[in-house]
Ligand code: PEP
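Residue numbers (the working numbering): 493 to 742.
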């Protein structure tokens with residue numbers, strides 16, 4: 493059975509003072525022996541603070557984006573080697589809030605995915621369709637295309653030991669999560685698409701994101717192809733996040 497993973501995406505929230513409270517509460521509430529991987533992806537300026545608090549715990553941390561270049565004249569960008577210096581072991585790539593606001597192409601996302609993987613950090617690749625695309629019944633085609641860019645540029649084996657977050661765009665920040673059945677159909681589709689590579693089949697995690705909360709987490713995480721969750725708003729509340737993590741302990 494695949495070990496589950498719950499990732500908190502803090503987005504652009506927090507302050508030194510509020511993070512301190514949240515991180516301390518997580519340390520207190522989340523047991524060291526909980527049988528799943530727990531990660532928080534924080535804004536860049538708080539990586540050092542997060543590392544200082546979590547370095548002796550079972551909770552790991554990461555970032556929400558990364559540059560596609562290694563170094564150089566790229567004002568405002570942050571490289572994978574910089575993230576590594578702060579102990580980041582995960583990076584969210586291609587979150588729809590970024591790809592929509594900054595028109596990030598699938599090729600750009602694919603390059604970042606490869607850079608992160610090469611550096612030994614685990615990429616969390618976000619894929620998912622808009623409401624219009626779902627209503628048109630083309631969600632599988634849309635997600636397939638997002639994955640194909642990486643497959644065509646670097647091969648399917650690139651997905652070995654990575655995380656794909658299926659995040660229907662209509663469900664993010666909306667209070668309207670996908671139903672467990674809708675999530676299962678898409679997760680199964682993604683797994684089957686990548687199943688020709690045995691290593692990928694064994695080591696790839698596919699997690700669900702979009703309005704996960706303590707009320708719906710258990711049902712979502714009980715689906716056979718849902719390996720955990722990418723949690724936005726509810727990850728900012730330690731009790732909610734703890735409860736979601738407990739729902740993944742199955
Ligand atoms: C997200 O940030 O990826 C997300 C799913 O947000 P929320 O849980 O708030 O919908």
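For glycine and all other residues, C-beta sits at the position ideal for the given N, C-alpha and C.
Treat the numbers as computed from the prediction; the structure is a model and nothing was measured.
Nearest-angstrom Cα separation, counted from residue j out to residue i
| i | j | result |
| --- | --- | --- |
| residue 728 | residue 563 | 32 angstroms |
| residue 714 | residue 742 | 7 angstroms |
| residue 590 | residue 604 | 13 angstroms |
| residue 550 | residue 691 | 26 angstroms |
| residue 585 | residue 532 | 14 angstroms |
| residue 639 | residue 547 | 33 angstroms |
| residue 689 | residue 508 | 43 angstroms |
| residue 641 | residue 535 | 27 angstroms |
| residue 731 | residue 565 | 42 angstroms |
| residue 684 | residue 613 | 24 angstroms |
| residue 633 | residue 577 | 38 angstroms |
| residue 655 | residue 598 | 17 angstroms |
| residue 608 | residue 740 | 26 angstroms |
| residue 594 | residue 559 | 13 angstroms |
Contacts around residue i, its chain only, beta-carbon distance under 8 angstroms, and the 5 residues preceding and following it disregarded
| i | result |
| --- | --- |
| residue 588 | 618, 620, 659, 661, 664 |
| residue 734 | 518, 521, 522 |
| residue 635 | 619, 620, 621, 658, 678, 681, 682 |
Cβ shell of residue i (< 7 angstroms), same chain only, five flanking positions each side left out
| i | result |
| --- | --- |
| residue 687 | 693 |
| residue 704 | 669, 712, 721, 723, 726, 736 |
| residue 643 | none |
| residue 493 | none |
Residue-chain proximity (residue i, chain B), Cβ-Cβ < 8 angstroms
| i | result |
| --- | --- |
| residue 584 | The chain labelled as chain B is not found in the depicted structure, where only one protein chain is given. |
6 angstroms CB neighbourhood of residue i in its chain, flanking five on each side removed
| i | result |
| --- | --- |
| residue 579 | 543 |
DSSP three-state assignment for residue i, whether helix, strand or coil
| i | result |
| --- | --- |
| residue 502 | coil |
| residue 538 | helix |
| residue 567 | coil |
| residue 598 | helix |
| residue 457 | Coverage of the chain is limited to positions 493 through 742, which leaves residue 457 absent and any answer about it impossible. |
| residue 559 | coil |
| residue 578 | coil |
Inset, instruction - Say whether the segment 497-504 touches the segment 716-723, bearing in mind that this needs 3 or more beta-carbon pairs closer than 8 angstroms, one atom from each stretch. - result: The answer is yes - the segment 716-723 touches the segment 497-504, with three or more Cβ pairs under 8 angstroms.
Inset, instruction - Flag this pair as touching only if the segment 533-553 and the segment 497-517 have three or more C-beta atom pairs under 8 angstroms; answer yes or no. - result: Yes, they touch.
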